[in-house]
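In this text, residue positions in the sequence shown follow UniProt numbering: the first is 1, and each later residue adds one.
Notes follow once the structure below has been shown.
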Amino acid sequence: MKAWHIITSIFPKCLTIFLFIYTGSVTVLGVTVLPTYLTITMIGSGLSMSLYAYFKVIRAGAGSPLDFPELRIENVDAADEGIELPPAFLSRHSVTLKRNGRFRFCRVCAVWKPDRCHHCSACKKCFLKMDHHCPWFASCVGYGNQKYFVQFLIYGTVFSILIFLLSGTELLLWFKNQRYNQEVIKLPLLVVWILSVAISISMLAFTSYTIYLVTKNQTTIEMYEWSNFKAEANIMDEVRGINTFQDKNIFDLGSTSLNWKYVMGESWLEWLLPIPTYSQVRSRHTLDESGLYFKINSDYQKQIFESMDLQERLIRRLTPRSSFEQSSSAGINQLYPSHISS
């Protein structure tokens, strides 16, 4: 089983890297329609940016609630019964609940699950703002690497289209100038062109779909499980006696621009380069911009958080507090006093 896990983890990565390097090398060696230095510059730039973003996705990782000790559950049964509660910073910001009205948690990982967090059956681990498990990375895409994943798709799409244009032009001129009378077709270049057609179409479609989801501030899981998400969110409405989630993605900030900037950053430099967003850098010493809670639509923000704060205080007054919950809250208040008080 361990050997099989290693194979399934390494093989897709090796295959992806091989496809990039092979198609790029064949194109550089086989294309003569442009000066060699220009072809090398174009292919080299596209190849290096794509591979760098690819490794950035893997190295950054999606992020997991297991990375935060304060989210670990000491007694899963107590959490299920509502005796053990999540730390105050999480309960005050959670906008989705389980169907029984209690806070979300994972029995397998024994951690509290922030909004948009899901457990991956392939990785056997919970991930923050999980989007999907990508077989080409043999890992999950989520909060920590979503930006780099989008950039990889854009780089990869541009690279594949560039390969398609250069190799296709070379083959077209070979046929148009009747060079087949003097020389045989460059078979490796033909193979690369066929690959570029299939890859360009598939990557263009998937990249467009992914960018569309980013502009809606919605993950792939939320798109496919929208009915379940609304049901969970409506439970919160019923508990608080408000009506916000009926037909609204609460994480949609209200405009394409705001949604895009929330994920990809505020500036063109952040959009183009696989670097952390400035907001993440500024908040690196706090729990903000960590994937534990998210901005919500401003039309409902005040109403929701006032109700959430009232409910959170009521639950903690009426629920027996475990020693774990008390120590967790005390630790969080020491580490992040300014944030908890806001």
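Ideal Cβ placement from N, Cα and C applies to all residues, glycine included.
Just so you know, these numbers come straight off a predicted model, no measurement behind them.
Contact between the stretch 164-174 and the stretch 136-143 is not established, with fewer than three Cβ pairs separated by less than 8 Å. Contact between Val111 and Leu71 holds, since their C-beta atoms are separated by about 5 Å, short of 8 Å. Cys14 carries a helical assignment under DSSP once its states are collapsed to helix, strand and coil.
Two segments are said to touch when three or more pairs of C-beta atoms, one from each, lie closer than 8 Å; by this definition the stretch 210-228 touches the stretch 245-265. DSSP places Phe206 in the uninterrupted alpha helix (DSSP H) bounded by Leu187 to Thr215.
Look at Phe137 here: in three-state DSSP terms it is coil, with no helix or strand label. Excluding five sequence positions before and after Ile296, the CB atoms of its chain that fall closer than 7 Å to its own CB belong to Val95, Ile250, Phe251 and Ile304, given in chain order. From the listed residues Ala198, Lys124 and Asp131, the smallest Cα separation to Thr23 is found for Ala198.
Looking only at Arg284, Ser298, Ile211 and Leu213, the smallest Cα-Cα distance to Gly254 is reached by Ser298. For Phe89, the secondary structure class from DSSP, reduced to helix, strand or coil, is helix.
Nearest neighbour of Leu90 by Cα position, chosen from Arg116, Ala78, Glu81 and Cys109, turns out to be Arg116.
Looking at the DSSP output, Lys125 sits in a beta bridge with Cys120. For a cut-off of 8 Å, the C-beta gap from Gly291 to Gly61 is around 11 Å, too long to register as a contact. In the three-state reduction of the DSSP assignment, Arg102 falls in the coil class. Between the alpha carbons of Asp131 and Lys125 lies a gap of roughly 14 Å. Contact annotation: the stretch 152-167 touches the stretch 196-212, with at least three C-beta pairs closer than 8 Å.
Within the same chain, and ignoring the five residues on either side of Lys113 in sequence, the residues whose Cβ sits closer than 7 Å to its Cβ are Pro65, Arg104, Phe105, Cys106 and Cys126. DSSP links Trp112 through a beta bridge to Phe105. In this structure, the beta-carbon distance from Gln151 to Val263 does not fall below 8 Å. Counting C-beta pairs closer than 8 Å gives three or more between the stretch 11-20 and the stretch 40-59, which meets the contact rule. Straight-line spacing of the CA atoms in Asp80 and Phe11 works out to 40 Å. Note on geometry: alpha-carbon atoms of Leu165 and Ile221 lie some 34 Å from one another. Sequence-distant Cβ neighbours of Cys123 in its own chain, meaning closer than 8 Å and more than five residues away, are His133, Ser139 and Cys140.
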